[in-house]
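**Q**
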Amino acid sequence: MQNERKIPVHVAIIMDGNGRWAKKRGLPRTAGHAQGARVVEQILEDADHMGIRYLTVYAFSTENWSRPDSEVKALMNLLRTYMKTSLAKCARNNVRIRVIGDKSRLDSDLQASIANLEKETASNTGIGFQIAINYGSRDEIVRALRKAAQRVKDSELNPEDITEDMISDGLDTAGIPDPDLLIRTGGEERISNFLLWQTAYSELYFCDAAWPDFNKAELEKAIDAFNNRERRYGGLIS
Ligand code: IPE
Ligand code: IPE
Ligand code: MG
Numbered sequence: 001m002q003n004e005r006k007i008p009v010h011v012a013i014i015m016d017g018n019g020r021w022a023k024k025r026g027l028p029r030t031a032g033h034a035q036g037a038r039v040v041e042q043i044l045e046d047a048d049h050m051g052i053r054y055l056t057v058y059a060f061s062t063e064n065w066s067r068p069d070s071e072v073k074a075l076m077n078l079l080r081t082y083m084k085t086s087l088a089k090c091a092r093n094n095v096r097i098r099v100i101g102d103k104s105r106l107d108s109d110l111q112a113s114i115a116n117l118e119k120e121t122a123s124n125t126g127i128g129f130q131i132a133i134n135y136g137s138r139d140e141i142v143r144a145l146r147k148a149a150q151r152v153k154d155s156e157l158n159p160e161d162i163t164e165d166m167i168s169d170g171l172d173t174a175g176i177p178d179p180d181l182l183i184r185t186g187g188e189e190r191i192s193n194f195l196l197w198q199t200a201y202s203e204l205y206f207c208d209a210a211w212p213d214f215n216k217a218e219l220e221k222a223i224d225a226f227n228n229r230e231r232r233y234g235g236l237i238s
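No gaps in the numbering here: position 113 of the sequence shown is 113 in our numbering, and each next residue is one more.
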């Protein structure tokens with residue numbers, strides 16, 4: 001049975017439910033985020049072992065700045081730690097990192113460690129790991145459109161030559177195939193401004209498990225559900 005499972009090429013995850021997970025245990029929300037960060041690392045390894053080629057996770061949205069300062073700070077510190085400490089592991093596992101989202105609003109030291117990690121892993125040929133930070137799909141589309149409008153203004157591009165492929169290539173996910181499967185944990189069933197353009201034909205899977213409780217068995221359940229659907233477009237690895 002296991003061997004017959006088709007593996008999606010690209011899995012995207014809205015990691016939700018950290019705060020509620022912590023609250024249920026009488027812990028501060030930040031404890032949920034810390035546990036969530038450990039789960040991301042494990043799921044990246046599991047996804048890689050399962051043969052998934054691209055994993056994209058939603059770590060911090062453009063809307064998440066409106067959370068209390070202390071929570072924003074704790075989330076940024078977790079990201080900071082990840083960018084600084086994961087290089088050796090990425091090298092060992094051949095992981096290629098890309099951060100999507102508007103990095104210009106992040107603290108300059110965080111921007112620098114992201115740039116370093118992206119550069120140092122750029123020629124790795126294993127799983128592509130995209131981390132969405134200060135990411136909003138509408139914001140991403142606005143930034144892509146501004147770039148295209150500038151090219152029109154500079155007479156480098158005719159409006160009638162704008163194509164779907166060109167728009168895809170202007171997004172932060174340029175060059176990465178669209179997700180085959182989008183998972184949201186934590187029981188809510190909405191997209192929350194994540195990859196709106198790229199998920200036009202993705203299969204959607206919602207699960208009740210809070211992100212800190214997500215594990216390989218939950219990922220396999222999502223992939224089994226994906227296998228039981230009739231897909232119209234997109235890739236599968238057999
Ligand atoms: C997801 O968990 C993590 C981020 C959005 C950064 P939440 O913090 O949204 O947890 P809930 O949804 O409040 O439980
Ligand atoms: C989505 O979760 C954003 C991330 C997982 C980073 P939220 O908890 O922020 O989304 P809403 O507020 O429920 O839509
Ligand atoms: Mg939430």
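Cβ coordinates follow ideal geometry from the N, Cα and C atoms, glycine included.
So is the beta-carbon of Trp21 under 8 Å away from any non-hydrogen atom of ligand 1?
**A** Yes, since a heavy atom of ligand 1 falls inside the 8 Å radius drawn around the Cβ of Trp21.
**Q** Say yes only if the C-beta of Asp213 is nearer than 8 Å to one or more non-hydrogen atoms of ligand 3, and no if none qualify.
**A** Because no heavy atom of ligand 3 lies under 8 Å away, the Cβ of Asp213 does not count as near it: no.
**Q** Ligand 3 heavy atoms versus the CB of Asp69: any closer than 8 Å?
**A** No.
**Q** Could you have a look at Asn134 and say whether DSSP puts it in helix, strand or coil?
**A** In this structure, Asn134 counts as strand in the three-state DSSP scheme.
**Q** Short check: CB of Arg38 to CB of Ala31, under 9 Å?
**A** Contact: no.
**Q** Compute the Euclidean distance between the alpha carbons of Asp139 and Lys147, then round it to the nearest angstrom.
**A** In a straight line, the C-alpha of Asp139 is about 13 Å away from that of Lys147.
**Q** Is it the case that the CB of Asn158 approaches a heavy atom of ligand 3 more closely than 8 Å?
**A** Answer for Asn158: no, Cβ out of range of ligand 3.
**Q** Would Thr185 and Ile13 qualify as a contact pair, given that the criterion is a beta-carbon distance under 9 Å?
**A** For Thr185 and Ile13, yes; Cβs fall inside 9 Å.
**Q** Consult DSSP for Glu203 and reduce its assignment to one of helix, strand or coil.
**A** Looking at Glu203 - three-state DSSP - the assignment turns out to be strand.
**Q** One question on the structure: do Ser192 and Ser108 come within less than 9 Å of each other, judged by their Cβ atoms?
**A** No.
**Q** Terminal residues of the continuous alpha helix (DSSP H) containing Leu75?
**A** Residues 69-85.
**Q** State the Cα-Cα distance for the pair Ile131 and Arg92, rounded to the nearest angstrom.
**A** So the two alpha carbons sit approximately 19 Å from each other.
**Q** For Thr121, report the span of its alpha helix (DSSP H) as first-last.
**A** Counting along the chain, the alpha helix (DSSP H) containing Thr121 begins and ends at 108-121.
**Q** Mind checking which residues open and close the alpha helix (DSSP H) that includes Ile14?
**A** Premise fails: Ile14 lies in the beta strand (DSSP E), 10-14, not in any alpha helix (DSSP H).
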